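Enquirer:
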Amino acid sequence: MKVTVDASVCIGAGMCALTAPAVFDQDEDDGTVVLLDGTPPPGLHAAVRQAGRLCPSGAITVLDTGDPGDR
Ligand code: SF4
């Protein structure tokens with residue numbers, strides 16, 4: 001799994017940091033998303049997908065790279 005974020009469209013809703021705090025954080029100043037781990041371990045994939053679904057701005061992109069944890 002490969003995760004990317006586009007902070008330029010992020011509206012700082014914070015759903016990502018609440019849902020997968022090991023992968024997403026928020027900028028201290030403007031609240032926009034900060035990616036902590038672009039290749040999260042399999043145990044975090046479900047939470048990362050959930051964060052991607054919950055993000056209201058489409059700022060999170062989750063790419064399956066074919067590793068075992070992607071299923
Ligand atoms: S959930 Fe989406 S809009 Fe909200 S802080 Fe995270 S990336 Fe930004």
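Mapping the sequence shown onto full-length UniProt numbering, position 29 (from 1) lands on 29, and the numbers just tick up by one.
C-beta: ideal position from N, C-alpha, C; glycine also.
None of these values were measured; they are calculated from a predicted model.
Excluding the five sequence neighbours on either side, which residues of its own chain have a C-beta within less than 6 Å of the C-beta of residue 37, listed in chain order?
Expert: Within the sequence shown, the letter at position 37 stands for residue 37. Within the same chain, residue 37 has close Cβ partners 23.
Enquirer: Let me know if residue 42 comes out buried or exposed under the rule of 16 or more other beta-carbons within 10 Å of its beta-carbon.
Expert: Counted from its first residue, the sequence shown places residue 42 at position 42. That one is exposed.
Enquirer: Which parts of the UniProt domain "4Fe-4S ferredoxin-type" (1-29) are runs of the alpha helix (DSSP H), unbroken and 4 residues or longer, counting only runs that do not cross its ends?
Expert: Listed in chain order, the complete alpha helix (DSSP H) runs (minimum 4 residues) inside the UniProt domain "4Fe-4S ferredoxin-type" (1-29) are 15-19.
Enquirer: Is the beta carbon of residue 31 less than 8 Å from the beta carbon of residue 52?
Expert: Here residue 31 refers to the residue found at position 31 when the sequence shown is read from its first residue. Here residue 52 refers to the residue found at position 52 when the sequence shown is read from its first residue. No; because the gap between Cβ atoms is not below 8 Å, this pair is not in contact.
Enquirer: Nearest by alpha-carbon distance to residue 20: which of 47, 29 and 6 is it?
Expert: Position 20 of the sequence shown holds residue 20. For residue 20, the nearest C-alpha among the options comes from 47.
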